[in-house]
Amino acid sequence: MQIIERENLTALFESLKKHGYEIVGPTVRDEVVIYDTLNAVEDLPKGWTDEQEKGIYRLKKRDDEALFGYVLSPHTWKKFLYPPKVKLWEAKRQEKSFTITEPQGDGPKYAFLGVRACELAAIAMQDKIFLEGAHIDPIYKERREKSLIIAVNCGQAAKTCFCPSMNSGPKVTSGFDLALTEVCTPYHHYFVVETGTAKGKDVLKDLSLHPAEESAKESARQVVKNAEDQIERTLKTEGLKENLQANAEHPRWNDVADRCLSCANCTMVCPTCFCSTVEDVTDLTGDHAERWRLWDSCFTMDFSHIHGGNIRSSTKGRYRQWMTHKLASWVDQFGVSGCTGCGRCITWCPVGIDITEEVAVIQKQE
Ligand code: SF4
Ligand code: SF4
Numbered sequence: 001m002q003i004i005e006r007e008n009l010t011a012l013f014e015s016l017k018k019h020g021y022e023i024v025g026p027t028v029r030d031e032v033v034i035y036d037t038l039n040a041v042e043d044l045p046k047g048w049t050d051e052q053e054k055g056i057y058r059l060k061k062r063d064d065e066a067l068f069g070y071v072l073s074p075h076t077w078k079k080f081l082y083p084p085k086v087k088l089w090e091a092k093r094q095e096k097s098f099t100i101t102e103p104q105g106d107g108p109k110y111a112f113l114g115v116r117a118c119e120l121a122a123i124a125m126q127d128k129i130f131l132e133g134a135h136i137d138p139i140y141k142e143r144r145e146k147s148l149i150i151a152v153n154c155g156q157a158a159k160t161c162f163c164p165s166m167n168s169g170p171k172v173t174s175g176f177d178l179a180l181t182e183v184c185t186p187y188h189h190y191f192v193v194e195t196g197t198a199k200g201k202d203v204l205k206d207l208s209l210h211p212a213e214e215s216a217k218e219s220a221r222q223v224v225k226n227a228e229d230q231i232e233r234t235l236k237t238e239g240l241k242e243n244l245q246a247n248a249e250h251p252r253w254n255d256v257a258d259r260c261l262s263c264a265n266c267t268m269v270c271p272t273c274f275c276s277t278v279e280d281v282t283d284l285t286g287d288h289a290e291r292w293r294l295w296d297s298c299f300t301m302d303f304s305h306i307h308g309g310n311i312r313s314s315t316k317g318r319y320r321q322w323m324t325h326k327l328a329s330w331v332d333q334f335g336v337s338g339c340t341g342c343g344r345c346i347t348w349c350p351v352g353i354d355i356t357e358e359v360a361v362i363q364k365q366e
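Numbering (my numbering) for the sequence shown: 1 to 366.
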């Protein structure tokens, strides 16, 4: 393990740029920490933190100048690896035929800075979906292979976090090229760096680093322990798949349907949800056509419309589908749960529906 001093973080940005990466990371916009392109260290959310609860998100000033002192953004890295809107191909008329072209090999080369442990777990899940099945997604594959992941350990947790229940955090353990732990005291502000891959090591080559002494390693362990100690929410996963699959007619589905607005927020902020739809557009002359892929959600009416009608016309059916897929049939499909315990669906549900609470009621009354 090594140390990067806070004042040398600019050198990391420069090295990433020199290696051809577009740096994407946390920044404050419209009173929210979002993930976007960063040009300099000054773009990071210095001195900001977030408060999150059911249906509540609020930025607050910290009493220090930590750069990664927030918990989680409503944005997820899937926005960059699996973009919300992407052109699949375009066709141009040429006399009596069409030429079809697919965009290829021109995807960005991202360095993701500030990836949390639960987000690494989400990326690993999306790898299973897009890279390990019978149908590999070329857009995801290209972006994923080019990308560099710089994880940052959590130093605090939100009230909505439950990553330990899902074995996905708060400590970063795998899936990163570099992992940082930010130690910010009134006397010393630095990052303890762990190298995960040769690609990560390469980026550090030109930086001024020094070995981490035992006291710095201990401070880094305390940072993560602080986050661990703050996590209150839990989700009992033992027997959960069988429990949900045996309870398709549980009365709680009616209860949650009375509260749910079917707005799809929970699926849009979820780092693992991957439903999409396809739209074809043509110009008025008919000489040019395009096919686009867009994020969709199992909460929209059209998503479940097949020949003969809609197979999930009720909110009850849609919420049940979402939660049962995420926590039960996902295990049948991919061998793991589809939830990392990030808590975004709890924070960003406008009516404060809490997946852990809904599960607990169904588990209790089985
Ligand atoms: S279901 Fe909710 S808590 Fe689980 S990964 Fe998705 S947004 Fe996070
Ligand atoms: S659970 Fe909440 S966020 Fe999800 S669709 Fe219903 S109202 Fe919207």
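A virtual CB, placed ideally from N, CA and C, is assigned to each residue, including glycine.
Rounded to whole angstroms, what is the Cα-Cα separation between residue i and residue j?
i: E119; j: E218; result: 24 Å
i: M301; j: C184; result: 48 Å
i: T347; j: L294; result: 24 Å
i: M268; j: R344; result: 10 Å
i: E214; j: K241; result: 43 Å
i: R58; j: Y70; result: 11 Å
i: H135; j: Q333; result: 14 Å
i: T315; j: H250; result: 14 Å
i: R93; j: Q321; result: 42 Å
i: E182; j: T282; result: 50 Å
i: K79; j: S165; result: 25 Å
i: K364; j: A328; result: 17 Å
i: I3; j: V192; result: 5 Å
i: S313; j: L244; result: 20 Å
Would you list the residues sitting across from residue i in a DSSP beta bridge?
i: P26; result: Y35
i: P211; result: Q2
i: C184; result: H189
i: G309; result: I306
i: F98; result: R93
i: I353; result: Paired residues: none, contrary to the question.
Between residue i and ligand 1, is there a pair consisting of the residue's CB and a ligand heavy atom that are separated by less than 7 Å?
i: G175; result: no
i: K201; result: no
i: C345; result: yes
i: D141; result: Strictly speaking, residue 141 in this sequence is Lys, with Asp absent from that position. It does not: the Cβ of K141 is nowhere closer than 7 Å to a heavy atom of ligand 1.
i: C154; result: no
i: V361; result: no
i: G341; result: yes
i: T99; result: no
Measuring only from the beta carbon, is residue i closer than 7 Å to any heavy atom that is part of ligand 2?
i: N265; result: yes
i: F299; result: yes
i: L327; result: no
i: L261; result: yes
i: P74; result: no
i: P84; result: no
i: C349; result: yes
i: Y57; result: no
i: Y319; result: yes
Quick one: measure Cβ to Cβ for residue i and residue j, integer angstroms, because I've assumed they're closer than 8 Å.
i: N265; j: P350; result: 6 Å
i: L235; j: V203; result: Contact doesn't hold; Cβ gap of about 36 Å is too wide.
i: H189; j: R6; result: 4 Å
i: V41; j: N153; result: Between N153 and V41 the Cβ distance is about 18 Å, and since that is not below 8 Å, they are no contact.
i: T324; j: P271; result: No, T324 and P271 are not in contact; Cβ-Cβ is about 19 Å, not under 8 Å.
Within 7 Å: the Cβ of residue i and any heavy atom of ligand 4?
i: I355; result: Ligand 4 is not part of the structure shown, which contains ligand 1 and ligand 2 as its ligands.
Taking CB distances under 8 Å as the criterion, tell me whether residue i reaches chain D.
i: I100; result: Of the protein chains in this structure there is only one, and it is not chain D.
Cβ contact check for the region 48–63 and the region 28–35: 3 or more pairs under 8 Å: yes
Stretch pair the region 101–112 + the region 18–28: three plus CB contacts closer than 8 Å: yes
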